[in-house]
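Undergrad: Numbering of the sequence shown is given in the numbering used here, commencing with residue 381 and proceeding in unit increments. Virtual Cβ for every residue (Gly too), placed ideally from N, Cα, C.
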Amino acid sequence: MAEGRRFFAPQAWVGGGWAQDVLLVAGADGLWSEVRANCPDAQRQGAEVLHGAVLPGLVNAHSHAFQRAIAGLTERSPVGAQDDFWSWRDRMYRVALRTTPQELERIAAFLYAELLRNGYTQVCEFHYLHNDTDGKPYADPLEMSLALVRAAQAVGIGLTLLPTLYMRSGFGARGLRDDQRRFASTPESVLRIAEAVRALGAGTHLLTAGVALHSLRAVDEGALRETAQAAAAAGMPIHLHIAEQQQEVEDCLKHHGQRPIEWLLERLPVDAGWNLVHATQATPQELKAVRETGASIVLCPTTEANLGDGVFDLPTWLQVAGRWSIGTDSHVGRSWSEELQLLEYSQRLVRRERNVAARAAGHDSTAAVLFEGALAGGSAAAGLPLGGLERGARADWQQLMPPANPAPWSTPDHVLDAALFSPSEQSVHRVAVAGKAV
Numbered sequence: 381m382a383e384g385r386r387f388f389a390p391q392a393w394v395g396g397g398w399a400q401d402v403l404l405v406a407g408a409d410g411l412w413s414e415v416r417a418n419c420p421d422a423q424r425q426g427a428e429v430l431h432g433a434v435l436p437g438l439v440n441a442h443s444h445a446f447q448r449a450i451a452g453l454t455e456r457s458p459v460g461a462q463d464d465f466w467s468w469r470d471r472m473y474r475v476a477l478r479t480t481p482q483e484l485e486r487i488a489a490f491l492y493a494e495l496l497r498n499g500y501t502q503v504c505e506f507h508y509l510h511n512d513t514d515g516k517p518y519a520d521p522l523e524m525s526l527a528l529v530r531a532a533q534a535v536g537i538g539l540t541l542l543p544t545l546y547m548r549s550g551f552g553a554r555g556l557r558d559d560q561r562r563f564a565s566t567p568e569s570v571l572r573i574a575e576a577v578r579a580l581g582a583g584t585h586l587l588t589a590g591v592a593l594h595s596l597r598a599v600d601e602g603a604l605r606e607t608a609q610a611a612a613a614a615g616m617p618i619h620l621h622i623a624e625q626q627q628e629v630e631d632c633l634k635h636h637g638q639r640p641i642e643w644l645l646e647r648l649p650v651d652a653g654w655n656l657v658h659a660t661q662a663t664p665q666e667l668k669a670v671r672e673t674g675a676s677i678v679l680c681p682t683t684e685a686n687l688g689d690g691v692f693d694l695p696t697w698l699q700v701a702g703r704w705s706i707g708t709d710s711h712v713g714r715s716w717s718e719e720l721q722l723l724e725y726s727q728r729l730v731r732r733e734r735n736v737a738a739r740a741a742g743h744d745s746t747a748a749v750l751f752e753g754a755l756a757g758g759s760a761a762a763g764l765p766l767g768g769l770e771r772g773a774r775a776d777w778q779q780l781m782p783p784a785n786p787a788p789w790s791t792p793d794h795v796l797d798a799a800l801f802s803p804s805e806q807s808v809h810r811v812a813v814a815g816k817a818v
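1) Would you mind giving the Cβ-Cβ distance between N655 and A441, rounded to the nearest angstrom? I have them listed as a contact below 8 Å.
2) How do the region 640-655 and the region 610-628 stand: do at least 3 beta-carbon pairs fall below 8 Å, yes or no?
3) Among W412, T544, T501 and L604, which one has its Cα closest to the Cα of S525?
4) With H, G and I counted as helix, E and B as strand and the rest as coil, what does DSSP make of A392?
5) For R478, tell me which candidate among F446, R416 and G590 has the shortest Cα-Cα distance.
6) Under a three-way DSSP split, which group does T544 fall into?
7) Which class does V736 belong to by DSSP, given the choice of helix, strand or coil?
8) Could you compute how far the alpha carbon of L720 sits from the alpha carbon of I706?
9) For V712, does the three-state DSSP call read helix, strand or coil?
10) From the DSSP output, which residues share a beta bridge with Q423?
11) Which of the three DSSP states, helix, strand or coil, is assigned to E568?
12) Quick check: what's the CA-CA separation for R448 versus D631?
13) For K516, which three-state DSSP category applies?
14) Quick one: residues in its chain with C-beta nearer than 7 Å to the C-beta of H833, no 5 flanking neighbours on either side, listed in chain order?
15) Residue range of the beta strand (DSSP E) that C680 falls in?
16) Since I believe A747 is in contact with L796 (beta carbons under 8 Å), could you give me their beta-carbon distance rounded to a whole number of angstroms?
17) Tell me whether S413 sits in a helix, a strand or coil according to DSSP, three-state version.
18) Mark Y744 as exposed unless 16 or more other C-beta atoms lie within 10 angstroms of its C-beta, in which case mark it buried.
19) For D463, name the three-state secondary structure that DSSP assigns.
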């Protein structure tokens, strides 16, 4: 394989910790062909020097791009009115009903550029705006999906499109509400979209697809099984919202006599290809059962806080060495440092303790536990080799901004701690995807 680009980082995050004098060589295929620490001067000649600490790019494992259009615009409530996830959802539906393909492309391009500037190099788009505003299919069933593909390609971020199966308005319901008409889909329709997008991205390492099953309340058992089996046979990642709201748990108990995760694990072949989104209502016993399947959890702390979802039981998940990733979901927050900081701080508030993640994982660094967790789980969510600064992974990096006036007491070993828990206004200076700075 011909050599592509050579970079030299005086300090880079390699193998779960800081390494010094790191040579990074990206092949022409956009993957790392060489990652070498303690590289002597003679072997780094001609490499572009990346001043400041260098981290791998991260996967944003859960995105609804169109919701960026209402981020910050739903923070008022009539006096005396009930305001929760479900009332927010009604507002979100009003935007979903009027977003055109052209508007979706513009919103997504704006959002994806923001994510890229903040160090996300791949986004998993949980996409359910399939139909025209009247609920009828577009002449081209890929109309809305391709708007997202074009947006990602225009800004240079990697994309895992997750066409989403959405068939009913709730447990036991027949069909969708009128304000959900754009979401209508079938196992066949979402699988066709996924296969078409995967074909478009074949050989690029930048564009791929999986499938999303919106939720247990939105898809019946037969369709869940049919879609999941086909996706698994094709090697696609599978994503599913689950146990996000207490009302969802209560409705599932009423309809099925079981909690959502309990029901799912008993009836479907959940394995390492599955990514369960939120799980904020999961019990310790349920999390241990999920861990036994090898499935991942996708956490979206800023959105979960914004919507009042609850706090995920992170200590239990870390204690059983569960795999997880992060996403920005409704995009009220758009940086990985916001997500990881809130993930830890919410645990501290609930438990009145400090460094909860580190102690649960048996590690001394909270920042390392959180960053490594998000990094490792991101590859599973995206369905691509995005494992970090290592040979064979996609050549993504983010260069932290070198401080203009570094604190005299700061040390190189604490760079990640500071980036996560005391970030500057713009911590990320430059970003590269597949060996190319963007």
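TA: Let's see:
1) The residue given as residue 655 occupies position 275 in the sequence shown. The residue given as residue 441 occupies position 61 in the sequence shown. With 8 Å as the limit, N655 and A441 qualify as a contact, their Cβ atoms being about 7 Å apart.
2) yes
3) Here the question's residue 525 lines up with position 145 in the sequence shown. Of the listed residues, the one whose Cα sits closest to S525 is T544.
4) The sequence position of residue 392 within the sequence shown is 12, counting from 1. In the structure shown, A392 sits in a strand (DSSP, three-state: E or B).
5) The residue you call residue 478 lines up with position 98 of the sequence shown. Taking only the C-alpha atoms, the option nearest R478 is F446.
6) The sequence position of residue 544 within the sequence shown is 164, counting from 1. Three-state result, T544: strand.
7) One-based indexing of the sequence shown puts residue 736 at position 356. In the structure shown, V736 sits in a helix (DSSP, three-state: H, G or I).
8) Counting from one through the sequence shown, the residue named residue 720 turns up at place 340. Counting from one through the sequence shown, the residue named residue 706 turns up at place 326. Taking the straight line from one Cα to the other gives about 8 Å.
9) If you number the sequence shown from 1, residue 712 lands on position 332. DSSP places V712 in coil when its eight states are reduced to three.
10) Within the sequence shown, residue 423 is the residue found at index 43, counting from 1. Q423 has no beta-bridge partner at all, per DSSP.
11) Here residue 568 refers to the residue found at position 188 of the sequence shown. Correct three-state label for E568: helix.
12) Taking the first residue of the sequence shown as 1, we reach residue 448 at position 68. Taking the first residue of the sequence shown as 1, we reach residue 631 at position 251. If you take the alpha carbons of R448 and D631, they lie about 29 Å apart.
13) One-based indexing of the sequence shown puts residue 516 at position 136. Looking at K516 - three-state DSSP - the assignment turns out to be coil, as it is neither helix nor strand.
14) Since the first residue shown for the chain is 381 and the last is 818, residue 833 is missing from the structure and cannot be characterised.
15) Here residue 680 is taken as the residue at index 300 of the sequence shown, counted from 1. First-last for C680: undefined, no H or E at that position.
16) To locate residue 796, count along the sequence shown from 1; it is residue 416. To locate residue 747, count along the sequence shown from 1; it is residue 367. L796 to A747, Cβ: 4 Å. Contact.
17) Position 33 of the sequence shown holds residue 413. It is a strand residue.
18) Taking the sequence shown and counting its residues from 1, the one referred to as residue 744 is at position 364. Per the sequence presented here, residue 744 reads as Asp, with Tyr not at that position. Classification for D744: exposed.
19) Position 83 of the sequence shown, counted from the start, is the residue given in the question as residue 463. Correct three-state label for D463: coil.
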